[in-house]
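To start, the structure under review is shown below, and the notes come after it.
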Amino acid sequence: MSAQRHNSFQRIRDNGAFDVIVIGGGINGLGVYRELAVQGLRVLLVERKDFCSGCSAAPSRMIHGGLRYLENGEFDLVRESLAERDALLRNAPHMVRPLPTTIPITSLFSGLFNAAASFFGGSGKPSNRGALPIKAGLTLYDLVTRKRRILPKHKFRSAKSTWRQWPNLTRKLLFSATYYDAWISHPERLGVELITDTEKLAPDSVAVNYAELNPMDGAFSVTDRETGDQLPVTARAVVNASGAWLDEVIAQLSPQEAKPTPLVSGTKGSHLILENPALLKALDGHMMYFENTDGRVCIVFPYLGKVLAGSTDIRVTAASRTRCEPEEMDYILTSLRLIFPDVPVSEDEVVFSYSGIRPLPSSDHDFTGRISRGHFTHKIDGTVPQFCMVGGKWTTFRAFAQQTADEVLAELDEPRKRDTIDLPIGGGADYPAGDGAMARALMHEFSPSADRAEHLVQAYGTRSRELMRYSIAGGDDQTLASDCPYTASEIRFLVQREHVVHLSDIVLRRTDLAITGRLSLSLIDTIADLMAKDLDWNQDQMAAERATLLDELVKFHGVLLSEQEPNAKSRRMECV
């Protein structure tokens, strides 16, 4: 056990009285944890697995206003999403960056009545979106942000002009339209930064992963799932931010209640990461936002030197860990051939796949794309009132956290002390303006190579200074392998300061080694050796961690590692 984890549980042991307990360490839970803690409340967050390891680890990695929500008539959600997108661009510029997004348009009038159908209760799939409804939607998009615009306005092109920039795009298009949204490079890391920020801003609050909350004699107990230790805790209110597992947690905390109507209706979304240089070049730095043959919106864009493509949208009846199935891979790859018919893509080029359940509000819509991506809270009265967070999406996590926090504060008769709309996140604090400015500052101060500085800035922002000071003190800042940007001191820094418990925490969430296809068995063993020094693992524990990680990679991410060093040609990854 790390010293950091030991200290967290010791603080609970020393004082188990909290104002609020948050259940769930996904992005909504982490957001409301920070939101309540900076208002001066003592908050405990309990996450059953690792932080941001469920649905929050499986987004499309877009930070966006939700252009297609206009089609559902959700204008307030679009307005909120655009405001939160811009706030994240300001508050986390090391991870959230502008993303030019281009829509290939193959019709003129089609789709004019999509929104009207939604207003009157239509739940079927929309028709193909043509140039006129897309133009109207983008004009509204620009209108919403006109007073505080930080991204360029949209632009329409003719087919001929479009092909000049993207010669591989389908010859079926009539026009294209480009607008700007944003993307997030390391969503799981941003979640962890919310915790590290809260530790500095509100040191009386505590967040623990691999732990579980259970009712106990009118109060609660927290169980450390690693040791089995149980600690009694109390709270004046509970926030249920368990996402797709929301209804299960309600039943667990209130077993005496009659079975309530389910609040969450999940859909499954799968994505692929491809190593396809021709497709990466064909995108020319843009995301392509387009329709598949079934009317569902698909995306493909450059991501950390690879290509991210998605997604599926499939109803599920129960919350569980999910994986990309072969038919989903075929669906996504086939969609790419619609817009880039002359660029070959194959499943042999998939270096990583991931899947998660979107915790959407319960709905009877036939077409899952019609289900609202909005959010609301549901209060369950009791000795300790429970505030359930229903719905939401990555982009709006702060707004949802603020809404929930305000309801909790009102219940506890506590004042709001600060707004978080302009509160920097992690390495976004004091981030210098200008392309490359932070990397140049780091090179001037610590003399790393240009590649090393760029890696540090993209992963840690201004926190890279803290990491460099740690590395210099430790004297081991050599990369772990020729094609690996991470160093031994960097791995140990993460283990000691970012609530790491298992090997998978590092490989899948604190770094981008897995999602970018850089893993090898020897690299995994090197990382395990480093972790063992700080977590006091013996050989049997190291072997168990290794086996668990390899099983997870194969079962849930389609990553099968051989004893040979991997590369794009020698390793085949597939959905299993």
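Per the UniProt record's numbering, residue 1 is the first one in the sequence shown, and the count goes up by one each step. For every residue, glycine included, the Cβ atom is placed at its ideal position computed from N, Cα and C. This one's a predicted model, so the numbers in the text were calculated from it and none came from an experiment.
Nearest neighbour of L140, chosen from E71, G26 and R323 [CA to CA]: Taking only the C-alpha atoms, the option nearest L140 is E71.
Straight-line gap, D477 to R465 (C-alpha atoms, nearest Å): Near 13 Å, if we compare the C-alpha coordinates of R465 and D477.
Three-state secondary structure assigned by DSSP to A514: Three-state result, A514: coil.
9 Å Cβ cutoff met for A182 and L151: Yes, Cβ-Cβ distance for A182 and L151 is below 9 Å.
Residue span of the alpha helix (DSSP H) that contains H378, given as start and end: It is not in any alpha helix (DSSP H) - H378 instead sits in the beta strand (DSSP E) that spans H375 to I380.
Bounding residues of the alpha helix (DSSP H) (the contiguous stretch that carries G474): For G474, the uninterrupted alpha helix (DSSP H) segment begins and ends at S464 to G474.
Option nearest A87 by Cα separation, candidates G218, P424, R129 and F220: If we check each option's Cα against that of A87, P424 comes out closest.
Cβ contact check for the segment 75-82 and the segment 219-239: 3 or more pairs under 8 Å: No, they do not touch.
Cβ separation of A92 and L253, assumed to be a contact under 8 Å, to the nearest whole Å: The Cβ separation is near 33 Å, so there is no contact.
Cβ neighbours of S60 in the same chain (closer than 8 Å, five flanking residues each side left out): If you ignore the 5 residues before and after S60, its C-beta comes within less than 8 Å of the C-beta of G269, H271, I299, L308, G310 and S311, all in its own chain and listed in chain order.
From D197, I357 and D284, residue whose alpha carbon lies closest to that of S320: Taking only the C-alpha atoms, the option nearest S320 is I357.
CB contact check: L41 to chain B, cutoff 9 Å: Absent here is chain B; the protein component of the structure consists of one chain.
Buried or exposed by the 16-neighbour rule on C-beta atoms within 10 Å, applied to K147: By the 10 Å Cβ count, K147 comes out exposed.
Anticipated Cβ contact below 8 Å, residue 607 with P302, distance rounded: Residue 607 falls outside the range modelled here, since the chain spans only 1 to 576, and no answer is possible.
H6 classed as buried or exposed, judged by whether at least 16 other C-beta atoms fall within 10 angstroms: Classification of H6: exposed, given that the 10 Å Cβ count is below 16.
Reduced DSSP secondary structure (H/G/I, E/B, other) of Q230: Here DSSP, grouped into helix, strand and coil, assigns Q230 to strand.
For D483, the nearest candidate out of R398, P104 and D451 (CA to CA): For the residues R398, P104 and D451, the minimum Cα distance to D483 belongs to D451.
Contained beta strand (DSSP E) runs [length at least 3] in the segment 79-115, N- to C-terminal order: Fully enclosed beta strand (DSSP E) runs of 3 or longer: 96-105.
Residues sharing a beta bridge with M287, DSSP: DSSP lists T101 as partners of M287.
Short Cβ contact (9 Å threshold) for Y210 with V501: In this structure, the beta-carbon distance from Y210 to V501 falls below 9 Å.
As assigned by DSSP and simplified to three states, the class of V507: Judged by DSSP in its simplified three-state form, V507 adopts helix.
Contact under 9 Å by Cβ, G198 with P104: Note that residue 198 is Thr in the sequence shown here, rather than Gly. The answer is no: Cβ separation not under 9 Å.
Residue 606 (DSSP reduced to helix, strand or coil): What is shown of the chain runs 1 to 576, which leaves residue 606 out entirely.
Nearest residue (CA-CA) to M1, options H499, T516 and L549: For the residues H499, T516 and L549, the minimum Cα distance to M1 belongs to H499.
Runs of beta strand (DSSP E) lying entirely within the segment 178-264, each at least 3 residues, in chain order: Segments of the beta strand (DSSP E) lying fully in the segment 178-264: 206-208, 211-216, 219-224, 230-233 and 237-240.
Cβ separation of G243 and C55, assumed to be a contact under 8 Å, to the nearest whole Å: Going by Cβ atoms, the distance from G243 to C55 rounds to 5 Å, so yes, they are a contact pair.
Limits of the unbroken alpha helix (DSSP H) element including I339: I339 -> alpha helix (DSSP H) spans P326 to I339.
Under the three-state DSSP convention, the category T383 falls into: In the structure shown, T383 sits in coil (DSSP, three-state: anything other than H, G, I, E or B).
Reduced DSSP secondary structure (H/G/I, E/B, other) of I314: In the structure shown, the three-state DSSP call for I314 is strand.
Inter-residue spacing [alpha-carbon to alpha-carbon] between I472 and T293: The straight-line gap from Cα to Cα measures roughly 54 Å.
Three-state secondary structure (DSSP) of T479: Looking at T479 - three-state DSSP - the assignment turns out to be strand.
Beta-carbon proximity list for A116, same chain, < 7 Å, skipping 5 on both sides: Since pLDDT at A116 reaches only 43, below the 50 mark, its modelled position is unreliable, and no value is offered.
Neighbourhood of Y179 by C-beta, 7 Å cutoff - its chain only, sequence neighbours within 5 removed: For Y179, where only same-chain residues beyond five positions count, the Cβ hits under 7 Å are T101, L138, Y141 and H154.
Per-residue DSSP class, three states only, for T487: It is a strand residue.
Sequence-distant residues of its chain with Cβ nearer than 7 Å to L280 (five each side left out): In the same chain as L280, and ignoring 5 residues on each side of it, the C-beta atoms closer than 7 Å to its own belong to P302 and V307, in chain order.
The segment 402-421 touching the segment 20-40, judged by at least three CB pairs closer than 8 Å: Counting Cβ pairs under 8 Å, three or more are found: they touch.
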